[in-house]
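Note sheet for the following structure.
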Amino acid sequence: MIFNRSLELCEVPACFKRSTIIPIPKKPKITGLNDYRPVALMSVVMKSFERLVLAYLKNITGPLLDPLQFAYRANRSVDDAVNTGLHFILQHLDKSGTCEAPVRGL
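The opening residue of the sequence shown carries number 1 in my numbering; numbering runs sequentially from there.
Below you can see the structure in the form of structure tokens.
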């Protein structure tokens with residue numbers, strides 16, 4: 001109920017926004033402050049809320065995304081992009097009136 005109300009109002013309760021920042025070493029030998037990575041520890045409630053918001057936003061934005069967008073999408077990869085591009089090229093080469101031109105730099 002709190003999650004639904006928060007989504008309706010487009011507002012996150014202040015108690016959800018609290019987190020503890022823990023510095024985690026990036027490498028075994030520490031020589032300066034840049035050798036630490038800040039990690040925010042959030043409450044279980046906030047993590048759950050984030051997952052619900054992500055699912056909510058995916059439902060809204062999913063149909064708006066171009067079907068040929070492969071980056072930053074679940075179950076899509078570089079292989080899919082290459083296969084789609086190759087399919088497009090081969091499909092057009094099969095049509096009459098299409099000329100072939102060498103592609104340099106590949």
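Using N, Cα and C, we set each Cβ at its ideal position, and we do this for glycine too.
Asked, Found
"Environment of F49 [buried if 16+ CB atoms lie within 10 Å]", "buried"
"For M46, three-class secondary structure by DSSP", "helix"
"Close beta carbons around K27, own chain, < 7 Å, minus the five adjacent residues each side", "D35"
"Per-residue DSSP class, three states only, for T20", "strand"
"Supposed contact pair P23 and P38 - C-beta distance, whole angstroms, cut 8 Å", "6 Å"
"Residue from P67, I21 and K17 with nearest C-alpha to K47", "K17"
"Minimum C-alpha distance to A74 - residue among G62, L7 and V82", "G62"
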